[in-house]
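In order, the protein sequence lines correspond to chains S and P. Per the numbering used here, the very first residue in the first sequence carries number 317; after that it's consecutive. Per the numbering used here, the very first residue in the second sequence carries number 1008; after that it's consecutive. Where is the CB? At the ideal position from N, CA and C, for every residue including glycine. Remember, it's a predicted structure, so these values are computed and weren't measured experimentally.
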Amino acid sequence: MSAGRRTSSGSVAPSAGEVNGVSIAAVVVGAVIGSIVRWTLDSWIDDDSAIGPALLVANTIGAFILGVTFGLGADDGRRRLAVGVGLCGGLTSFSAWSVMIAEAFEGGHTADGTALILAHLVAGFSAFIAARAVTRRARRILVGEVGHLG
Amino acid sequence: MTPVAFVLAAGAGALLRWWAARADRTGRHLGILAVNVLASFVAGLATSLDDPWRTVVSVGFLGALSTFSTVVGDVMGDLAQERRTLAATYLAGSIVVGVGAAWLGLRLG
């Protein structure tokens, strides 16, 4: 497996040498699945609320899954491409969020626009932090048990 | 037609985002910032489209081109490395410039 790298800023940007058919397929397949899930959520969930519940669910789940991959230490290589870049990137959307906020402020609904910003930030960061912490803890416990048994 | 176009659009958007992230060598998330701002502007313009093009362009292509989760992951990575100023600037800048671009797109659309 070709390894990605974390940049000096901690970015999840991949290394320069990993573009090939497998890595492209990993990104595309993950993104298509994520996008279809987001499209489905948009169709299923009543989106009349000010906080944009369908997109809130998609962005929160995407941040949660990314937190799990970080907790597993799977933020490098093909898994990171398929799950982090593809699935989570396709599932979550920044542009739809921006347009909803801009429409709220444009319509004079300042409280709704502020609620939209805060709801997505609080839910997204909370989901990421919780998922990463729980996954790291579970991983330590499992690794400890395996080591004890061994 | 729409499902096929949607799949193609989502794949193309994700690959363009991946390319932008790879092209950025600054370590300051400028590639992701650029695609998020660009996608926000075009999404504002695209509100004037009717279905099925609105679904294909806005939900498929622009939804996959932009990303919320990567912003969260990058900010958390910056904070873990105690790069608080970069984290705050990146997050606040993404929101302010992204929403501003979306607003401009809405006005022009």
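Determine the extent of the alpha helix (DSSP H) in which residue i is found, giving its start and end residues.
i: Ile361/S; result: From DSSP, Ile361/S is part of no alpha helix (DSSP H); its letter is neither H nor E.
i: Asn1043/P; result: Leu1037 to Ala1053
i: Glu422/S; result: Ser411 to Glu422
i: Gly1080/P; result: Ser1076 to Ala1087
i: Phe1068/P; result: Unbroken run through Phe1068/P: none, as it is neither H nor E.
i: Val1010/P; result: In the sequence as presented, Val is not what sits at residue 1010/P; that position holds Pro. That run of the alpha helix (DSSP H) goes Thr1009 to Ala1030.
i: Gly1116/P; result: From DSSP, Gly1116/P is part of no alpha helix (DSSP H); its letter is neither H nor E.
Kindly give me the distance between the Cβ atoms of residue i and residue j, rounded to whole angstroms, as I take these residues to be in contact under 8 Å.
i: Gly350/S; j: Leu403/S; result: 4 Å
i: Phe1075/P; j: Gly378/S; result: 6 Å
i: Val313/S; j: Ala1027/P; result: Because chain S here runs from 317 to 466, residue 313/S falls outside it and cannot be looked at.
i: Ala1017/P; j: Gly346/S; result: Ala1017/P to Gly346/S, Cβ: 10 Å. No contact.
i: Ser1047/P; j: Ala1108/P; result: 4 Å
i: Ile445/S; j: Leu432/S; result: In fact, because the Cβ distance is near 21 Å, the residues do not count as touching under 8 Å.
i: Val1078/P; j: Ser1101/P; result: 6 Å
i: Gly400/S; j: Leu382/S; result: 6 Å
i: Gly429/S; j: Ala435/S; result: Rounded, the Cβ-Cβ distance is 11 Å, inconsistent with contact.
i: Val343/S; j: Trp1025/P; result: 5 Å
i: Gly1020/P; j: Leu1072/P; result: 4 Å
i: Ser339/S; j: Arg394/S; result: 7 Å
i: Arg1035/P; j: Leu1086/P; result: Wrong, their Cβ atoms sit about 15 Å apart, outside the cutoff.
i: Val1042/P; j: Leu1022/P; result: No, Val1042/P and Leu1022/P are not in contact; Cβ-Cβ is about 11 Å, not under 8 Å.
Let's test the definition: count the other Cβ atoms within 10 Å of the Cβ of residue i and tell me whether it reaches 16, buried, or not, exposed.
i: Thr408/S; result: buried
i: Arg448/S; result: buried
i: Thr1009/P; result: exposed
i: Thr323/S; result: Reliability fails at Thr323/S, whose pLDDT of 41 lies under 50, so the model's placement of it is uncertain and the value that follows must be treated cautiously. Thr323/S should be labelled buried.
i: Val459/S; result: exposed
i: Ile467/S; result: Residue 467/S lies beyond the stretch modelled for chain S, which goes from 317 to 466, so this question has no answer here.
i: Thr426/S; result: exposed
i: Leu1115/P; result: exposed
i: Gly320/S; result: In this predicted model, Gly320/S has a pLDDT of only 38, less than 50, meaning its place in the structure is not dependable; the value taken from the coordinates is given anyway. Looking at its Cβ environment, which holds 16 or more other Cβ atoms inside 10 Å, Gly320/S is buried.
i: Thr1062/P; result: buried
i: Val328/S; result: Confidence at Val328/S is low in this model, with a pLDDT of 49, below 50, so its placement is unreliable and no value can be given for it.
i: Thr1033/P; result: exposed
i: Asn336/S; result: exposed
i: Trp355/S; result: buried
i: Met317/S; result: Because the pLDDT of Met317/S is 29, which lies under 50, any placement of that residue in the model is unreliable, and the number read from its coordinates should be weighed accordingly. Exposed.
i: Thr376/S; result: buried
i: Glu334/S; result: buried
i: Asp358/S; result: buried
i: Gly1038/P; result: buried
i: Ser1055/P; result: exposed
Between residue i and the ligand SAH, is there a pair consisting of the residue's CB and a ligand heavy atom that are separated by less than 6 Å?
i: Gly405/S; result: The ligand SAH is absent from the structure shown, which contains no ligand whatsoever.
Runs of alpha helix (DSSP H) wholly within the region 363-398 of chain S (minimum 4 residues, chain order): 369-388
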